[in-house]
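This report refers to the structure that appears directly beneath it.
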């Protein structure tokens, strides 16, 4: 019999300014976005009492803790993006790693994080 897993998804957003270093085009200039974030966690065991993987409220609060680190900031001046290019790809990896630190004690792991600058394009980070 196959082993089952559950995946939970929450969405959030944050606003920030950035400039892409070494980019040949308008995005090399400082500009801002209202970034959308989608975080997915997974696990294989529900709580015995309520039979949930993780309370959505906890998940949203942990994601908010992470996005508050970069919300309304000039990302090029905010670690680690003062040294790393603040691309959507790097933002997705940063959020993935920071969220992972905050939820590991709940018995779940981050499956993926997607960051969008606009609805039509996004970058997703996950670890295999």
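Residue numbers (this note's numbering): 50 to 177.
Glycine residues also receive a C-beta, built at the ideal position from the N, C-alpha and C atoms.
If you're wondering where the values come from, they're calculated on a predicted model, not measured in any experiment.
Within the model, the alpha-carbon separation for residue 147 versus residue 115 is close to 6 Å. Two segments are said to touch when three or more pairs of C-beta atoms, one from each, lie closer than 8 Å; by this definition the segment 89-96 does not touch the segment 112-130. When secondary structure is reduced to three states using DSSP, residue 161 falls in the strand class.
According to DSSP, residue pairing for residue 166 in a beta bridge does not occur. Between the C-alpha atoms of residue 82 and residue 166 there is a straight-line separation of about 6 Å.
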